[in-house]
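For the sequence shown, this note's numbering assigns the number 100 to the initial residue and increments by one for each residue that follows.
Glycine included, each C-beta is placed from N, C-alpha and C at the ideal position.
The structure appears below as structure tokens.
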Amino acid sequence: MTKNKIELRTVNVTRYITPLREGGSLPALAEADDDFKYVLKFRGAGHGVKALISELLGGEIARTMGLRVPELVFANLDEAFGRSEGDEEIQDLLKGSQGLNLALHFLSGALTYDPVVTEVEEELASKIVWLDAFITNIDRTVKNTNMLIWHKELWLIDHGATFYFHHSWGDWKKAAQSPFSYIKDHVLLPQATKVEEINNQMISLFPDDKLLEITNLIPLDWLNWEGTDLNPEEIRNVYYQFLVLRRNHANNFVKQIQDARKTLI
């Protein structure tokens, strides 16, 4: 069995501090009953629980690869929370997000990664590009790097735009085996010179039991979807099978990365 079992804490949100309006989903800075501050992602926002699932899976897969990701916690929002909020849009968001949400530990004082200012070492860049091709992350570009510099180290944030196959819920098996054309826009693609070298090592980090452990983190409460005949356990199993297939066909997206890099030369 894989060691170092993943366990997420659950906190109760006690204070809504301010909205973070740079994202379309309107996350917020909030405080919880453990006295820590978090970037809170709401189930009542645009893409609902699917964005939370993406954030959860993407973040813990990155962490399994040894990449730095702020701690993820389940964040419970009480029914009475937000009643005094004056902004109607935010009040509606809070009302629609009662129950279990997801939050990332707030990295106070962190700076947005700027590729002009900070050069990322080739192996680290290769791992991040491999990760984003694996989880089909369309949102780590020059326009929106979704990386922070905190205590002189690179941290990955915002994985809500990953696993985009689940928005149409069509042929997920085909999606799992496909290359990833959006990798051509990745901010770290120029430095990702070692993707082929690290490929087998990255694959080895995700035996079936580790992928099952990660997908089992998805709360059943987030898997009661309308418009599908699948029950919550069956939906969760699709995510697991998707990752197994994607891992088994990693050479497809690695080749796509190599082809995209050739166009840069």
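Of the residues Leu201, Asp132, Arg167, the one whose Cα lies closest to the Cα of Thr113 is Asp132.
One thing to note: Arg360 has its Cβ within 9 Å of the Cβ of Ala291. For His266, same chain residues with a beta-carbon under 8 Å away, outside a window of 5 residues either side, are His146, Lys149 in chain order. If you ignore the 5 residues before and after Arg345, its C-beta comes within less than 7 Å of the C-beta of Phe233, Ala275, all in its own chain and listed in chain order. Lys283 sits away from Ser225, with the two beta carbons spaced by 9 Å or more.
For the set Asp134, Lys136, Val219, Pro126, the Cα lying nearest the Cα of Leu166 is the one of Val219. Looking at the DSSP output, Met246 bridges to Leu255. Here Lys140 is buried. Its C-beta has 16 or more other C-beta atoms within 10 Å.
Shortest Cα-Cα distance from Val343 to any of Leu128, Leu223, Leu304 involves Leu304. Contact between the stretch 309 to 321 and the stretch 238 to 246 is absent: fewer than three C-beta pairs spanning the two stretches fall below 8 Å.
Between the beta-carbon of Ala179 and that of Val168 there is about 31 Å, and that puts the pair past the 8 Å contact cut.
Across the structure, Asp358 and Leu128 are spaced so that their CA atoms are roughly 40 Å apart. For Gly147, the enclosing alpha helix (DSSP H) covers residues 147 to 163. The continuous alpha helix (DSSP H) containing Phe341 extends over residues 331 to 347. For the pair Ile302 and Ile105, the CB atoms are not nearer than the 9 Å cut-off. C-alpha of Ile227 to C-alpha of Leu287: approximately 8 Å in a straight line. The C-beta separation of Leu201 from Leu171 comes to about 6 Å, placing the pair in contact by the 8 Å criterion.
As the crow flies, the alpha-carbon of Leu203 is around 24 Å from that of Phe264.
Annotation: the continuous alpha helix (DSSP H) that includes Ala274 extends over 271 to 276.
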